[in-house]
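Student:
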Amino acid sequence: MARPRVRLVVTADDFGYCPRRDEGIVEAFLAGAVTSVSLLVNGAATESAAELARRHSIPTGLHANLSEGRPVGPARRSASSLIGPEGFFLGKMGFREAVAAGDVALPQVREELEAQLNCFRELLGRAPTHVDGHQHVHVLPGVCQVFAEALQAYGVRFTRLPLERGVGCCTWLEAPARAFACAVERDARAAVGPFSRHGLRWTDAFVGLSTCGRHMSAHRVSGALARVLEGTLAGHTLTAELMAHPGYPSVPPTGGCGEGPDAFSCSWERLHELRVLTAPTLRARLAQDGVQLCALDDLESKRPGEDVPCEATLEPFLEPSLP
Numbered sequence: 001m002a003r004p005r006v007r008l009v010v011t012a013d014d015f016g017y018c019p020r021r022d023e024g025i026v027e028a029f030l031a032g033a034v035t036s037v038s039l040l041v042n043g044a045a046t047e048s049a050a051e052l053a054r055r056h057s058i059p060t061g062l063h064a065n066l067s068e069g070r071p072v073g074p075a076r077r078s079a080s081s082l083i084g085p086e087g088f089f090l091g092k093m094g095f096r097e098a099v100a101a102g103d104v105a106l107p108q109v110r111e112e113l114e115a116q117l118n119c120f121r122e123l124l125g126r127a128p129t130h131v132d133g134h135q136h137v138h139v140l141p142g143v144c145q146v147f148a149e150a151l152q153a154y155g156v157r158f159t160r161l162p163l164e165r166g167v168g169c170c171t172w173l174e175a176p177a178r179a180f181a182c183a184v185e186r187d188a189r190a191a192v193g194p195f196s197r198h199g200l201r202w203t204d205a206f207v208g209l210s211t212c213g214r215h216m217s218a219h220r221v222s223g224a225l226a227r228v229l230e231g232t233l234a235g236h237t238l239t240a241e242l243m244a245h246p247g248y249p250s251v252p253p254t255g256g257c258g259e260g261p262d263a264f265s266c267s268w269e270r271l272h273e274l275r276v277l278t279a280p281t282l283r284a285r286l287a288q289d290g291v292q293l294c295a296l297d298d299l300e301s302k303r304p305g306e307d308v309p310c311e312a313t314l315e316p317f318l319e320p321s322l323p
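According to full-length UniProt numbering, the stretch in the sequence shown is residues 1 to 323, in order.
#1: Please classify V72: does DSSP put it in a helix, a strand, or coil?
#2: So, are the CB atoms of V72 and V34 less than 7 Å apart?
#3: Compare the Cα-Cα distances from R275 to each of R201, V156, P246 and R121 and report the closest residue.
#4: Can you tell me which of the three DSSP states I25 falls into?
#5: Among the candidates V109, A153 and T171, whose CA atom is the shortest distance from the CA of V139?
#6: From what residue to what residue does the alpha helix (DSSP H) around G61 run?
#7: Would you call S265 buried or exposed, if buried means 16 or more other Cβ atoms sit within 10 Å of its Cβ?
#8: What would DSSP say about V221, mapped onto helix, strand or coil?
#9: Mind reading off the beta-carbon distance from L39 to G16? Whole number of angstroms is fine, and I expect it under 8 Å.
#10: Go to L187, then tell me how far its alpha helix (DSSP H) extends in each direction, as first and last residue.
#11: Does DSSP classify S78 as helix, strand or coil?
#12: Mapping DSSP to helix, strand and coil, what is E112?
#13: Could you check how far apart the C-beta atoms of A181 and L209 are, in whole angstroms? I think they sit under 8 Å.
#14: So the alpha helix (DSSP H) L274 belongs to, where does it begin and stop?
#15: Which of helix, strand or coil does DSSP assign to A49?
#16: Decide if W268 is buried, meaning its Cβ has at least 16 other Cβ atoms within 10 Å, or exposed.
#17: Please return the same chain residues whose Cβ sits closer than 6 Å to the Cβ of E111, not counting the five positions on each side in sequence.
#18: Return the residue from the list A279, E47 and L293 that minimises the CA-CA distance to L238.
#19: Identify whether V167 lies in helix, strand or coil by the three-state DSSP scheme.
#20: Under a Cβ-count criterion, where at least 16 other Cβ atoms within 10 Å of its own Cβ denotes burial, should V32 be classed as buried or exposed?
#21: Any idea what DSSP makes of K302, helix, strand or coil?
#22: Spell out a yes or no on whether the stretch 186-200 and the stretch 157-177 are touching, meaning 3 or more CB-CB pairs, one atom from each, closer than 8 Å.
#23: Could you please give the first and the last residue of the uninterrupted beta strand (DSSP E) stretch that includes M243?
#24: CA-CA distance, S36 and L124?
#25: Please name the residue or residues paired with T11 in a DSSP beta bridge.
#26: Using CA coordinates, which residue listed in Q135, A64 and G94 is at the minimum distance from N118?
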């Protein structure tokens, strides 16, 4: 049976987190396995990562960070609802809990986002190709509105909508990981409205929550793409993003965003992702499935008559835009 055509952006997150992670990410990019990176401007290796991006002409976006390490904006120098007593962000779950409790001042979120956008421009000499959120903070209630406003003001059109169809049925995920993925999916669905109203765009489909770390394989990446293709007519072209976290594992104390590298970055699973992404098996499987790897600007240039790669709809995966 004929399948829809797919143009797939493979984005490596956490660029700038540590030199070892960055080494693996650049290796994957040069191998053609990664097509885009998201830079942490408060990472320990931010400046060297920016230099690598310039040297190798890597399409680079901003990985907006409100949850790990030190802020780069006014919150760094004064009391702020974004940071704890030690001067660091509140953490992956701590920030979420503070947002849910109404303890985060959204104007301070806007200030930090603007500071990170300005920092990115200083590092790269241009605006980011896209902006997404470290640990998916950009789709949290309230935060998503401020995020969309900031991107619109800075002329950034492209973001990530981490809404992976069917992730709740991925039984190989451990219960905490599956619950977190489902929460991210719910937040992402609710963020569609604010993102649309402020002119943001995203790929028709997203995968990566079900294929993170040890769970990544050629079979599961292909299966995740197949799930988001269900209901799409043959002959149509779907745009998709695969979120990945490849690299050589961090070795403490080097890395992190001011507090040293976390367990996620030190895990062997980073190397596992790197090996899966660069192995011939995945490349062959994607080619067999009719998947073409490309960068975000390729998506735009290959859609004649459209000035954006995807029309923002309430159901971006069920109603993909036409080529």
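From the three backbone atoms N, C-alpha and C, an ideal C-beta is built for every residue, glycine too.
Tutor: According to the data block:
#1: Reading the sequence shown from its first residue, position 72 is the one you call residue 72. In the three-state DSSP reduction, V72 falls in the coil class, being neither helix nor strand.
#2: Counting from 1 along the sequence shown, the entry for residue 72 is found at position 72. Counting from 1 along the sequence shown, the entry for residue 34 is found at position 34. Between V72 and V34, the C-beta gap is not smaller than 7 Å, which leaves the two residues out of contact.
#3: Locating residue 275 in the sequence shown gives position 275, counting from the first residue. Residue P246 holds the alpha-carbon nearest to the alpha-carbon of R275 among R201, V156, P246 and R121.
#4: Within the sequence shown, numbered from 1, the residue matching residue 25 stands at position 25. In the three-state DSSP reduction, I25 falls in the helix class (H, G or I).
#5: Here residue 139 corresponds to residue number 139 of the sequence shown, with the count starting at 1. Per the C-alpha coordinates, the member of V109, A153 and T171 positioned closest to V139 is V109.
#6: Within the sequence shown, residue 61 is the residue found at index 61, counting from 1. Here G61 belongs to no alpha helix (DSSP H); instead the beta strand (DSSP E) covers T60 to A64.
#7: Taking the sequence shown and counting its residues from 1, the one referred to as residue 265 is at position 265. Buried, because 16 or more other Cβ atoms sit within 10 Å of the Cβ of S265.
#8: Position 221 of the sequence shown, counting from 1, holds the residue named residue 221. Assignment of V221 by DSSP, reduced to helix, strand and coil, places it in the helix class.
#9: Taking the first residue of the sequence shown as 1, we reach residue 39 at position 39. Taking the first residue of the sequence shown as 1, we reach residue 16 at position 16. The Cβ separation is near 5 Å, so the contact holds.
#10: Translated into positions along the sequence shown, residue 187 becomes position 187. First, the amino acid is wrong: residue 187 is Asp here, not Leu. Element bounds for D187: A175 to R197.
#11: Numbered from 1 along the sequence shown, position 78 holds the residue referred to as residue 78. If DSSP states are grouped into helix, strand and coil, S78 belongs with coil.
#12: Walking along the sequence shown from the start, residue 112 turns up at place 112. E112 falls in the helix class under three-state DSSP.
#13: By 1-based counting over the sequence shown, the position of residue 181 is 181. By 1-based counting over the sequence shown, the position of residue 209 is 209. Contact holds; Cβ gap of about 4 Å.
#14: On the sequence shown, position 274 is the one that residue 274 refers to. Judged by DSSP secondary structure, L274 falls within the alpha helix (DSSP H) whose first and last residues are E269 to T278.
#15: Stepping through the sequence shown from its first residue, residue 49 is reached at position 49. In the structure shown, A49 sits in a helix (DSSP, three-state: H, G or I).
#16: Reading the sequence shown from its first residue, position 268 is the one you call residue 268. Classification for W268: exposed.
#17: Reading the sequence shown from its first residue, position 111 is the one you call residue 111. A distance below 6 Å between beta-carbons, with the five flanking residues on each side excluded, links E111 to the following residues of its chain, in chain order: G73 and P74.
#18: The count along the sequence shown starts at 1 and reaches residue 238 at position 238. For the residues A279, E47 and L293, the minimum Cα distance to L238 belongs to L293.
#19: Within the sequence shown, residue 167 is the residue found at index 167, counting from 1. Helix at V167.
#20: To locate residue 32, count along the sequence shown from 1; it is residue 32. Checking the sequence shown, residue 32 turns out to be Gly, not Val. With fewer than 16 Cβ atoms within 10 Å of its Cβ, G32 is classed as exposed.
#21: Walking along the sequence shown from the start, residue 302 turns up at place 302. The predicted position of K302 is uncertain, since its pLDDT is 47 and thus under 50; no value can be drawn from it.
#22: By the Cβ criterion, the stretch 186-200 is in contact with the stretch 157-177, since at least three pairs of Cβ atoms, one from each stretch, lie closer than 8 Å.
#23: Along the sequence shown, read from residue 1 onward, the residue named residue 243 stands at position 243. Per DSSP, M243 belongs to the beta strand (DSSP E) from T237 to A244.
#24: Indexing the sequence shown from 1 puts residue 36 at position 36. Indexing the sequence shown from 1 puts residue 124 at position 124. Cα-Cα distance, rounded: 15 Å.
#25: Position 11 of the sequence shown, counting from 1, holds the residue named residue 11. Note: T11 sits in a beta bridge opposite S36 and M243.
#26: What you label residue 118 is simply residue 118 of the sequence shown in a count that begins at 1. Of Q135, A64 and G94, the residue nearest in Cα terms is A64.
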